[in-house]
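Heads up: the structure comes next, in structure tokens.
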Amino acid sequence: MAIEKNIASASIAEVVDRILDKGIVIDAFVRISLVGIELIAIEVRAVVSSVETWLKYAEAVGLTVDPATA
């Protein structure tokens with residue numbers, strides 16, 4: 001009896017499809033200061049998702065604007 005090891009692998013297309021379906025958020029804040037003086041502050045917020053996914057969640061948190069009321 002042979003033992004087979006099944007390693008699940010995903011193609012790049014499957015990974016991109018999953019990211020677009022579920023979405024991914026990257027939020028970073030970097031601050032460089034010297035002797036209490038802030039020299040550089042960088043804030044990055046990136047969202048990668050499909051338009052359908054973004055609209056679904058944006059509506060849930062109130063980020064969309066109804067054209068009738070705008």
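Start counting the sequence shown at 1; every next residue gets the next number (full-length UniProt numbering). Where a beta carbon is used, it is the ideal one built from N, C-alpha and C, also for glycine. Model, not experiment: these values are computed from the prediction.
Item	Value
Euclidean distance between Cα positions of Val51 and Lys22	11 Å
The segment 28-38 touching the segment 10-17, judged by at least three CB pairs closer than 8 Å	no
Whether Ile19 touches Val47 by CB criterion (8 Å)	no
Cβ-Cβ separation, Val44 to Ala28 (assumed contact under 8 Å), whole Å	5 Å
Inter-residue Cα distance where the pair is Leu63 and Val16	25 Å
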